[in-house]
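Asker:
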Amino acid sequence: MSGVQPGLLERNHFLLRRLHSLSGVIPIGAFLINHLLANSLTPTPAAFNEEVEWIHGLPYLVFIEFGMIFLPLAFHAGYGVVIAMQAKHNVQAYGYADNYRFTLQRVSGWIAAVFIVVHLLHFRFAGLVGGTSYPDVVHDGATPYGAAYAGFQSFLPLALWMIIYAIGIVASVYHFANGMCTFCITWGITVGNRSRRAVSIAMTGLALVLLFFGFRGLYGMSSNFEAGQTDSHGLPADLAEHRGDLGHDTRPGEQG
Ligand code: HEM
Numbered sequence: 007m008s009g010v011q012p013g014l015l016e017r018n019h020f021l022l023r024r025l026h027s028l029s030g031v032i033p034i035g036a037f038l039i040n041h042l043l044a045n046s047l048t049p050t051p052a053a054f055n056e057e058v059e060w061i062h063g064l065p066y067l068v069f070i071e072f073g074m075i076f077l078p079l080a081f082h083a084g085y086g087v088v089i090a091m092q093a094k095h096n097v098q099a100y101g102y103a104d105n106y107r108f109t110l111q112r113v114s115g116w117i118a119a120v121f122i123v124v125h126l127l128h129f130r131f132a133g134l135v136g137g138t139s140y141p142d143v144v145h146d147g148a149t150p151y152g153a154a155y156a157g158f159q160s161f162l163p164l165a166l167w168m169i170i171y172a173i174g175i176v177a178s179v180y181h182f183a184n185g186m187c188t189f190c191i192t193w194g195i196t197v198g199n200r201s202r203r204a205v206s207i208a209m210t211g212l213a214l215v216l217l218f219f220g221f222r223g224l225y226g227m228s229s230n231f232e233a234g235q236t237d238s239h240g241l242p243a244d245l246a247e248h249r250g251d252l253g254h255d256t257r258p259g260e261q262g
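Take the sequence shown: its letters are residues 7 to 262, numbered as in the numbering used here.
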């Protein structure tokens, strides 16, 4: 009898791999589609404010946010790092497309992991790095667009934010679209070369649509900027007059 007992991760390897695979599609992949689509449909400050107002009106928002987004994402990213560290890359020996895709899946996962942390610290949890969190700025009476606008003027120049977001969007979209192809293999949805090729083509189409959504949202945010026109809170002067528009005197989850 061997004296080395398998660890917790090895003993639950199959279940963890399946949960990792599933979480990449539902809810994280579904959220990614929704997030990019919603941002692309709100190219003007008024549309952006309306959309965020709707989201902030959802009941039990904190539970939705943590239970359906942050926790699954933390699991997928955490176990994804474990998988990525175990990978044996062999593109130098076998330069086939599938080997490159295998490596790119992991590289894009690493980039997405860093980007998502930056994105969360930039807006949702800016308070942790000495800034003002987006919900707090909105809570103080700024419009959501004004708060997002201020975020793109904090810490770094706008051009650098745009580059960081462009890289993050490309990596996340590639990771999701290529991940959908491997997901179909993992779950036995595509078994032959023909079906795998058909899914690859469909996912290339999906990736292009998602990239369009992502870059349209980014353009909508950057093109409404007029550098230097901010008030003492770092909010855009032309939007400061809309403070309180939404009538938020409480934050989601703080009613009553
Ligand atoms: C934008 C957020 C993300 C989405 C939408 C997403 C989605 C997916 C999907 C759909 C898969 C395919 C699952 C399968 O092959 O069955 C996958 C695989 C993978 N993800 Fe993510 N993911 C995200 C973020 C991350 C992060 C932050 C990491 C951290 C490194 C990561 C690491 C991985 C790894 C290593 C795989 C390959 C697993 C394998 O080959 O078995 N992912 N992801």
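The C-beta atom is built at its ideal place from N, Cα and C for all residues, glycine as well.
Expressed to the nearest angstrom, what Euclidean distance is found between the alpha-carbon atoms of threonine 149 and phenylalanine 129?
Answerer: Cα to Cα, threonine 149 sits roughly 14 Å from phenylalanine 129.
Asker: Identify which residue in Thr188, Arg200, Ile195 has its Cα closest to the Cα of asparagine 105.
Answerer: Of the candidates Thr188, Arg200, Ile195, the one whose C-alpha sits nearest the C-alpha of asparagine 105 is Thr188.
Asker: Where does threonine 2 sit, in a helix, a strand or coil, going by DSSP?
Answerer: The question about residue 2 has no answer here: the residues shown for the chain are numbered 7 through 262.
Asker: What is the C-beta distance between leucine 64 and isoleucine 34, in whole angstroms, given that I count them as a contact (C-beta under 8 Å)?
Answerer: Actually they do not touch by this definition, with Cβ atoms about 19 Å apart.
Asker: Just to confirm, does methionine 74 get its C-beta within under 8 Å of one of the non-hydrogen atoms of the ligand HEM?
Answerer: Methionine 74 Cβ: outside cutoff for every heavy atom of the ligand HEM.
Asker: Note down, in chain order, each residue of its chain lying with its Cβ closer than 6 Å to the Cβ of leucine 43, except the 5 sequence neighbours on either side.
Answerer: Hits under 6 Å: Phe219.
Asker: What is the DSSP secondary structure of histidine 26, reduced to helix, strand or coil?
Answerer: Histidine 26: helix per DSSP, three-state reduction.
Asker: How about tryptophan 60: is its Cβ closer than 8 Å to a heavy atom in the ligand HEM?
Answerer: Outside the cutoff, so no.
Asker: Going by the beta-carbon positions, is the gap between alanine 183 and alanine 154 smaller than 9 Å?
Answerer: Not a contact, by the Cβ cut-off of 9 Å.
Asker: Using the Cβ count rule (16 or more neighbours within 10 Å means buried), how would you classify glycine 174?
Answerer: Counting Cβ neighbours within 10 Å, glycine 174 comes out buried, since at least 16 surround it.
Asker: Can you name, in chain order, every residue of its own chain whose Cβ lies under 7 Å from the Cβ of arginine 107, other than the five neighbours on each side?
Answerer: The answer, listed in chain order, is Asn184.
Asker: Establish whether the CB of methionine 168 and some CB of chain D are separated by less than 9 Å.
Answerer: Going by chain labels, chain D is absent from the structure shown, which holds only one protein chain.
Asker: What do you reckon, are the CB atoms on valine 124 and isoleucine 75 nearer than 9 Å?
Answerer: Cβ atoms of valine 124 and isoleucine 75: not closer than 9 Å.
Asker: Once you ignore the five residues that flank histidine 95 on each side, which residues in its own chain have a CB closer than 7 Å to its CB?
Answerer: For histidine 95, where only same-chain residues beyond five positions count, the Cβ hits under 7 Å are Thr109.
Asker: Excluding the five sequence neighbours on either side, which residues of its own chain have a C-beta within less than 6 Å of the C-beta of leucine 127, listed in chain order?
Answerer: Cβ within range, chain order: Val135.
Asker: Give me, in chain order, the residues of the same chain whose beta-carbon lies closer than 8 Å to that of histidine 41; leave out the 5 immediate sequence neighbours on both sides.
Answerer: Same-chain partners within the cutoff: there are none.
Asker: Using C-beta distances below 7 Å, list every residue in its chain close to phenylalanine 37, excluding the 5 sequence neighbours before and after it, in chain order.
Answerer: Around phenylalanine 37: Ile75.
Asker: What does the Cβ neighbour count give for histidine 181, buried or exposed, with the cut at 16 atoms within 10 Å?
Answerer: With 16 or more other Cβ atoms within 10 Å, it is buried.
Asker: Any heavy atom of the ligand HEM inside 8 Å of the beta-carbon of histidine 95?
Answerer: No - the ligand HEM has no heavy atom lying nearer than 8 Å to the Cβ of histidine 95.
Asker: Is it right to say asparagine 199 is buried, meaning 16 or more other beta carbons lie within 10 angstroms of its own, or is it exposed?
Answerer: Asparagine 199 is exposed by the Cβ-count criterion.
Asker: Would you mind stating whether arginine 222 and asparagine 45 have Cβ atoms separated by less than 9 Å?
Answerer: Going by C-beta atoms, arginine 222 is nearer than 9 Å to asparagine 45.
Asker: What is the DSSP secondary structure of serine 3, counted as helix, strand or coil?
Answerer: Because residue 3 is not part of the residues shown, which for the chain are 7 to 262, the question remains open.
Asker: Quick one: is the Cβ of isoleucine 195 within less than 8 Å of any heavy atom of the ligand ATP?
Answerer: This structure does not include the ligand ATP; its bound ligands are the ligand HEM.
Asker: The alpha helix (DSSP H) that contains threonine 149, what's its start and end?
Answerer: Run containing threonine 149: none; DSSP gives neither H nor E here.
Asker: Could you name the residues of the same chain whose beta carbon sits closer than 7 Å to that of tyrosine 85, not counting the 5 residues immediately before and after it, in chain order?
Answerer: Leu22, His26, listed in sequence order.
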